[in-house]
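A.B. asks:
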Amino acid sequence: MATKIFVNLPVKDLNKSVEFFTKLGFSFNAQFTNEDATCMIISEDIYVMLLVEPFFRTFTKKDIADTSRTTEVITCLSADSRAQVDELVDKAFAAGATESNFTTDQGFMYGRSFQDIDGHLWEIMYMDMTAMQQG
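The sequence shown begins at 1 in UniProt numbering and counts up by one.
Next comes the structure, spelled out in structure tokens:
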């Protein structure tokens with residue numbers, strides 16, 4: 001059995017977060033969705049649990065990071081092409097995301113980033129493995 005990853009992120013408004021990520025093309029598992037949380041499907045083995053802040057607090061004794069001032073994590077997802085990087089990040093901007101960093105272009109590696117509506121940082125990266133092996 002493959003190891004699965006479940007990233008847990010606090011959100012202020014679950015419905016707005018679902019609307020935002022739906023515009024990016026992600027879907028959700030209704031089996032793990034209620035008024036407190038939803039399970040966003042990234043791939044067969046990667047999921048993001050979007051949890052309203054009061055519910056998120058039940059999983060930790062620590063304060064929730066203030067994403068307007070601090071970075072808790074940068075979630076990086078791979079893409080199959082440079083065009084797919086641009087497509088997903090452009091959708092994020094159209095849905096209300098803001099830019100979080102400069103575009104990375106090292107020839108074999110290309111990436112862009114955005115800050116979602118709750119301030120979480122996302123990076124979308126394409127790596128051309130054939131160009132990397134040559135370099």
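Glycine included, each C-beta is placed from N, C-alpha and C at the ideal position.
1. Who are the near neighbours of I41 in its chain, counting only those whose CB is closer than 7 Å to its CB and skipping five residues on each side?
2. Quick check on the burial criterion: 16 or more other C-beta atoms within 10 angstroms. Buried or exposed for P10?
3. For F55, which of V7, A92, T67 and A37 has the nearest alpha-carbon?
4. Helix, strand or coil for S17, going by three-state DSSP, please let me know.
5. If you reduce the DSSP assignment to three classes, tell me which class F108 lands in.
6. Is F26 close to chain B, meaning its C-beta is less than 7 Å from at least one C-beta of that chain?
C.D. replies: The relevant details are as follows:
1. F26, S27, F28, N29 and Y47
2. buried
3. A37
4. helix
5. The answer is coil: DSSP assigns F108 none of H, G, I, E or B.
6. The displayed structure is made up of one protein chain only, and chain B is not part of it.
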